[in-house]
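For reference, the structure discussed in these notes is given below.
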Amino acid sequence: MTGEAKRKRSIQALQDRLEDIHAEGQGVWQISIYGLDAVVEVMAAALAGSKTATGIALALEHLSQGVIRSGRTAEPVMCLLCDSAFKQERMPAAWILVHARRDDPTHAAGHGVCSNCLHRYPDMNALGIAITDYYRANAISDLRLLPPISEPGGIA
Ligand SMILES: [Zn+2]
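Take numbering that gives the first Met the number 0: the last position of the sequence shown gets the number 155, and nothing is skipped along the way.
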């Protein structure tokens, strides 16, 4: 399969998942970006007993395992913003978690962003805007931003 075909297939899967999230949250999403520092903080909070952090840590672990498994196949997990393929020796530099902004959401999506893409943006706000633009272009055309996006849960 070509890179283009792989990307089309992953966009279709993404669209299906995002539509579920969109319906569940009645259009309001929470998009969280976890760079390596944030992952360490989440793990520490999980070890200290935070239920929320434990949930996030489990989601990140699930995503990591998916990258490792897929890296051994012909259909590796790709960077959300470019055609870089991930594998165990080349893990995402940041993780994106998306879910409906409500208590106890049941649908979620997760993505990796490569270090090239992460460093293309001056800060997490700019990366958040790029990710929102990607979702808007590829899945939910009427996605809007609620300011300020630097606050937790500020992207919707
Ligand atoms: Zn990338």
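Yeah, the Cβ is synthetic: ideal placement off N, Cα and C, and Gly gets one too.
Suppose you measure from the CA of cysteine 116 to the CA of threonine 53; what does that come to, to the nearest Å? About 27 Å.
Start and end of the alpha helix (DSSP H) containing isoleucine 128? 123-137
Nearest-angstrom Cα separation, counted from isoleucine 20 out to isoleucine 30: 11 Å
Which residues have a Cβ closer than 5 Å to any heavy atom of ligand 1, listed in chain order? Cys78, Leu80, Cys81, Ser83, Cys113 and Cys116
Could you say if the stretch 121-134 and the stretch 71-80 meet the contact criterion of at least three C-beta pairs nearer than 8 Å? yes
Tell me the DSSP secondary structure of serine 63 in three-state form. helix
Should the stretch 55-68 be regarded as contacting the stretch 28-43, the criterion being three or more beta carbon pairs within less than 8 Å? yes
Mapping the DSSP letters down to three states, classify glutamine 25 as helix, strand or coil. coil
Can you list, in chain order, the residues of its chain with a C-beta nearer than 6 Å to that of glutamate 150? Leave out the 5 residues immediately preceding and following it. Because the pLDDT of glutamate 150 is 45, which lies under 50, any placement of that residue in the model is unreliable, and the number read from its coordinates should be weighed accordingly. For glutamate 150, where only same-chain residues beyond five positions count, there are no Cβ hits under 6 Å.
Excluding the 5 residues preceding and the 5 following cysteine 113 in the sequence, name in chain order all residues of the same chain whose CB lies nearer than 7 Å to its CB. Taken in chain order, the residues that qualify are Cys78, Cys81, Ser83, Pro91 and Ala92.
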